[in-house]
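Chains as they are written, first to last, in numbering that gives the first Met the number 0: chain V, 0 to 196; chain D, 0 to 196.
2 protein chains.
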Amino acid sequence: MNPSDLERQLAFLREIDRLKGIVRLTPLIDRSRRENSAEHSWHLALYALVLAGHAAGTVDVLRVVKMLLIHDIVEIDAGDVPFHVPSTHAGQAERERLAAERIFGLLPDAQAAEFRDLWFEFEAAESDDAKFAKALDRFQPMLHNAATDGGTWVECEVTLEQVKSRCRPPIEGGAPALWTVAAQFAEEHFREPPQES
Amino acid sequence: MNPSDLERQLAFLREIDRLKGIVRLTPLIDRSRRENSAEHSWHLALYALVLAGHAAGTVDVLRVVKMLLIHDIVEIDAGDVPFHVPSTHAGQAERERLAAERIFGLLPDAQAAEFRDLWFEFEAAESDDAKFAKALDRFQPMLHNAATDGGTWVECEVTLEQVKSRCRPPIEGGAPALWTVAAQFAEEHFREPPQES
Ligand SMILES: [Ca+2]
Numbered sequence: 000m001n002p003s004d005l006e007r008q009l010a011f012l013r014e015i016d017r018l019k020g021i022v023r024l025t026p027l028i029d030r031s032r033r034e035n036s037a038e039h040s041w042h043l044a045l046y047a048l049v050l051a052g053h054a055a056g057t058v059d060v061l062r063v064v065k066m067l068l069i070h071d072i073v074e075i076d077a078g079d080v081p082f083h084v085p086s087t088h089a090g091q092a093e094r095e096r097l098a099a100e101r102i103f104g105l106l107p108d109a110q111a112a113e114f115r116d117l118w119f120e121f122e123a124a125e126s127d128d129a130k131f132a133k134a135l136d137r138f139q140p141m142l143h144n145a146a147t148d149g150g151t152w153v154e155c156e157v158t159l160e161q162v163k164s165r166c167r168p169p170i171e172g173g174a175p176a177l178w179t180v181a182a183q184f185a186e187e188h189f190r191e192p193p194q195e196s
Numbered sequence: 000m001n002p003s004d005l006e007r008q009l010a011f012l013r014e015i016d017r018l019k020g021i022v023r024l025t026p027l028i029d030r031s032r033r034e035n036s037a038e039h040s041w042h043l044a045l046y047a048l049v050l051a052g053h054a055a056g057t058v059d060v061l062r063v064v065k066m067l068l069i070h071d072i073v074e075i076d077a078g079d080v081p082f083h084v085p086s087t088h089a090g091q092a093e094r095e096r097l098a099a100e101r102i103f104g105l106l107p108d109a110q111a112a113e114f115r116d117l118w119f120e121f122e123a124a125e126s127d128d129a130k131f132a133k134a135l136d137r138f139q140p141m142l143h144n145a146a147t148d149g150g151t152w153v154e155c156e157v158t159l160e161q162v163k164s165r166c167r168p169p170i171e172g173g174a175p176a177l178w179t180v181a182a183q184f185a186e187e188h189f190r191e192p193p194q195e196s
């Protein structure tokens with residue numbers, strides 16, 4: 000490998016440090032602050048390692064982990080658009096596509112192509128690996144919401160029906176046993192009297 | 000897989016959320032704040048994916064990534080002890096061993112054993128996978144220090160000789176090409192007049 004490949008690799012690794020500054024709506028479980036997209040990606044990679052046995056299809060754990068480690072890197076340019084705030088979603092797919100080209104393009108060509116392809120596969124959510132990865136990306140915030148008296152469900156003023164219609168297809172499609180648990184979390188929360196904000 | 004396995008897995012995934020609150024000395028590259036151990040682990044997993052071609056031995060990338068994703072989880076109980084502050088290191092190995100037993104022990108038995116074994120393998124730094132993982136764990140802070148006018152080198156008042164004697168063996172042992180670059184970073188920094196703090 001020639002020195003300029005290593006320089007490109009280090010430029011990419013420096014650039015993605017910025018993902019630590021992209022803040023999501025989701026609270027940490029201790030409610031001390033909101034989660035950033037870098038630590039979120041770390042957490043999801045652990046979800047994949049620990050919960051792989053619950054995947055709907057046959058999954059390649061390394062590919063799923065790679066997808067989850069890189070899935071939010073586009074937010075460095077495109078920002079995070081909260082799942083439960085649909086008004087922010089317009090134009091986001093195109094902003095993220097441009098971001099994927101620029102940021103993964105910092106890498107040597109073969110690695111850039113591999114990461115871009117993995118990112119597009121994740122976004123398409125059609126392969127078994129991508130379906131499982133997407134399921135985890137939707138499941139983890141539900142677990143945080145359940146552990147924090149509602150989290151973004153309360154903040155975004157969503158209904159139980161909205162949570163179910165938005166979260167059931169991706170979670171059930173990638174990890175049916177996790178949807179069973181997630182639906183229980185949501186039903187338990189929405190049974191309680193509404194929280195004062 | 001029975002429901003109680005899933006409950007143990009979710010208890011583990013909730014517990015490790017606390018790693019996002021363990022703050023290291025290393026600054027983010029934009030110097031906005033210090034890095035936490037969860038986002039640090041995410042970053043290192045990306046280092047492994049991107050830099051695997053520079054490993055000294057033959058490495059299994061999935062095993063290296065797993066090691067890096069879990070290597071700091073013990074800090075939830077044991078805290079982070081800064082590499083360049085040796086006075087904090089006494090007793091840390093034993094605190095971390097107890098933490099590994101408790102935290103990985105939240106998982107179903109087979110997964111608990113796998114994660115414990117991987118963590119001990121990382122700590123021992125004898126296998127090719129562990130040597131490469133350790134090299135990355137030592138290399139990443141050097142890159143951050145170089146990008147922030149000295150970072151913890153300045154804060155901990157270390158000399159070029161201390162940086163070399165502490166960092167060369169683990170980095171060169173796991174990824175010789177990265178040591179060449181890291182030594183250049185350090186030499187460049189220490190050639191400059193000392194920074195005012
Ligand atoms: Ca996202």
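We treat Cβ as the ideally placed atom computed from N, Cα and C, and that holds for glycine.
Contacts that residue i makes with chain V (C-beta to C-beta distance below 8 Å)
| i | result |
| --- | --- |
| L135 of chain D | Under the 8 Å cutoff, chain V gives no residues; its nearest Cβ is about 10 Å from L135 of chain D. |
| G20 of chain D | L27, D29, S31 |
Contact list for residue i against chain V, beta-carbon separation under 7 Å
| i | result |
| --- | --- |
| D127 of chain D | Neighbours of D127 of chain D on chain V: none; closest Cβ ~17 Å, over 7 Å. |
C-alpha distance - residue i paired with residue j, whole-angstrom precision
| i | j | result |
| --- | --- | --- |
| A77 of chain D | R94 of chain D | 5 Å |
| G149 of chain V | H188 of chain V | 7 Å |
| V180 of chain V | Q161 of chain D | 52 Å |
| H39 of chain V | L27 of chain V | 10 Å |
| R30 of chain D | T147 of chain D | 7 Å |
| G52 of chain V | L177 of chain V | 11 Å |
| P81 of chain D | T87 of chain D | 7 Å |
| V153 of chain V | R165 of chain V | 16 Å |
| V49 of chain D | R190 of chain V | 47 Å |
| F11 of chain D | L67 of chain D | 17 Å |
| Y46 of chain V | S36 of chain V | 15 Å |
| I102 of chain V | L117 of chain V | 14 Å |
| K65 of chain D | A44 of chain D | 8 Å |
| G90 of chain D | D71 of chain D | 16 Å |
| A182 of chain V | P140 of chain V | 13 Å |
| L106 of chain V | F121 of chain D | 28 Å |
| L5 of chain D | P175 of chain D | 42 Å |
| R33 of chain V | L24 of chain D | 21 Å |
| L9 of chain D | A185 of chain V | 16 Å |
| G104 of chain V | E74 of chain V | 15 Å |
| V157 of chain D | A145 of chain D | 14 Å |
| L159 of chain V | H143 of chain V | 16 Å |
CB contact check: residue i to chain A, cutoff 9 Å
| i | result |
| --- | --- |
| W41 of chain D | Absence of chain A from the displayed structure is noted, the protein chains being V and D. |
C-beta neighbour in chain V for residue i, strict 9 Å
| i | result |
| --- | --- |
| I170 of chain D | no |
| N144 of chain D | no |
| R17 of chain D | yes |
| A44 of chain D | yes |
| E38 of chain D | yes |
| D29 of chain D | yes |
Within-9 Å CB hit, residue i to chain D
| i | result |
| --- | --- |
| R13 of chain V | yes |
| G90 of chain V | no |
| G78 of chain V | no |
| Q183 of chain V | no |
| Q161 of chain V | no |
Under 8 Å by beta carbon: chain D residues contacting residue i
| i | result |
| --- | --- |
| V180 of chain V | L5, L9 |
| E34 of chain V | K19 |
Closer than 7 Å at the beta carbon, the chain D residues around residue i
| i | result |
| --- | --- |
| L24 of chain V | Residues of chain D passing the Cβ test: none, with the nearest at roughly 15 Å. |
Partners in chain V for residue i, counting only beta-carbon separations shorter than 9 Å
| i | result |
| --- | --- |
| A132 of chain D | Within 9 Å Cβ-Cβ: nothing; A132 of chain D doesn't reach chain V, min ~15 Å. |
The stretch 131-138 of chain V contacting the stretch 46-60 of chain V, beta-carbon criterion three pairs below 8 Å: yes
Does the stretch 106-116 of chain D touch the stretch 15-26 of chain D, meaning 3 or more C-beta pairs lie closer than 8 Å? no
Taking one C-beta from the stretch 154-172 of chain V and one from the stretch 9-16 of chain D each time, how about it: are there three or more such pairs within less than 8 Å? no
Determine which residues of the stretch 96-111 of chain V have a Cβ less than 8 Å from any Cβ of chain D, and write them out in chain order. L106, Q110
Along the stretch 42-74 of chain D, where does the CB come closer than 9 Å to a CB of chain V? Name the residues. H42, A44, L45, Y46, L48, V49, L50, G52, H53, V60, L61, V64, K65, L68, I69, I72
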